[in-house]
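Peer 1: Letter 68 of the sequence shown, counting from 1, is numbered 68 in full-length UniProt numbering, and no numbers are missing.
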Amino acid sequence: MTTAERGTCPRCQGPHVHHHVFGLPSPSAFLTEDGDIVDWVTIEGCVVLDDEPRFDRRCEDCRHRWNAADDAEPSG
Ligand SMILES: [Zn+2]
Numbered sequence: 001m002t003t004a005e006r007g008t009c010p011r012c013q014g015p016h017v018h019h020h021v022f023g024l025p026s027p028s029a030f031l032t033e034d035g036d037i038v039d040w041v042t043i044e045g046c047v048v049l050d051d052e053p054r055f056d057r058r059c060e061d062c063r064h065r066w067n068a069a070d071d072a073e074p075s076g
């Protein structure tokens, strides 16, 4: 059972959001009932590309890329 929320694209509101997960050793939140990683998540391991911004969300509909942290509403 997947516990992570896939979310929607902030640009086109599409539901086909692809998650890139960095350095997560046990991605249990992204497992299906069969124990496989859900197909909308890519586990990036601990590889850090300093030359590129680390977008961790990508829309498969309009190719928009963004960071989930930027999408969070400030509570204050
Ligand atoms: Zn989109």
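Note that CB positions come from ideal geometry on N, CA and C, so glycine has one too.
Excluding the 5 residues flanking Ala29 on each side, which residues of the same chain have their C-beta closer than 6 Å to its C-beta?
Peer 2: Here the set comprises Thr3, Ala4.
Peer 1: Going by C-alpha distance, which of Arg65, Arg63, Val41 is nearest Phe22?
Peer 2: Looking at the Cα atoms, Val41 is the closest of the given residues.
Peer 1: I believe Glu60 touches His16 by the beta-carbon criterion, under 8 Å. Please report the beta-carbon distance rounded to the nearest angstrom.
Peer 2: Contact flag correct, Cβ pair sits at about 4 Å.
Peer 1: Keeping to the same chain, check which residues put their C-beta closer than 8 Å to that of Phe55; ignore five residues upstream and five downstream.
Peer 2: Result list for Phe55: His20, Arg65, Trp66, Asn67, in chain order.
Peer 1: At the level of alpha carbons, what is the spacing between Gly7 and Gly35?
Peer 2: Near 21 Å, if we compare the C-alpha coordinates of Gly35 and Gly7.
Peer 1: Spatial neighbours of Cys62 within its chain, please: CB distance less than 8 Å, with the 5 preceding and 5 following residues excluded, ordered by chain position.
Peer 2: Correct list, in chain order: Cys9, Arg11, Cys12, Gly14.
Peer 1: Leaving aside the five residues before and after His18 along the sequence, list all residues of the same chain whose C-beta is less than 8 Å from its C-beta, in chain order.
Peer 2: These residues qualify, in order along the chain: Trp40, Val41, Thr42, Arg57, Arg58, Cys59, Glu60.
Peer 1: Note down, in chain order, each residue of its chain lying with its Cβ closer than 8 Å to the Cβ of Pro27, except the 5 sequence neighbours on either side.
Peer 2: Closer than 8 Å at the Cβ level, and outside the excluded window around Pro27, lie Val21, Ile37, Val41, Ile43.
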